[in-house]
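This report concerns only the one structure given below.
Numbering (my numbering), first residue to last: 57 to 162.
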């Protein structure tokens, strides 16, 4: 699990995710094992992804937080029916997404 993101970091990640298309969909099964596996693979490949809520739209914030916890990612935000998840690549040299840092955050 990565550290909790600060507000300015979540805002920057949401801005970077603006042009992305959702890679996974959360349907009637909710946060299932197959969804977690799919999201885990997408995060390993892309670091920053969107997950679309096809069902369970009324509880999307709670489900997005549960999904982020299960895959070890940070929830950058829920915009409409889409959750934005971020997990940096394990290899520092292969990281493509830049998360801003402030002086006192290191």
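Note that CB positions come from ideal geometry on N, CA and C, so glycine has one too.
- According to the DSSP assignment, residue 141 belongs to the beta strand (DSSP E) that extends over 138-142.
- Straight-line measurement puts the Cα of residue 157 at about 28 Å from the Cα of residue 116.
- Under DSSP, residue 81 shares a beta bridge with 108.
- At the C-beta level, residue 142 and residue 129 come within 8 Å of one another.
- By the neighbour-count criterion, in which 16 or more other beta carbons inside 10 Å mark a residue as buried, residue 65 falls on the buried side.
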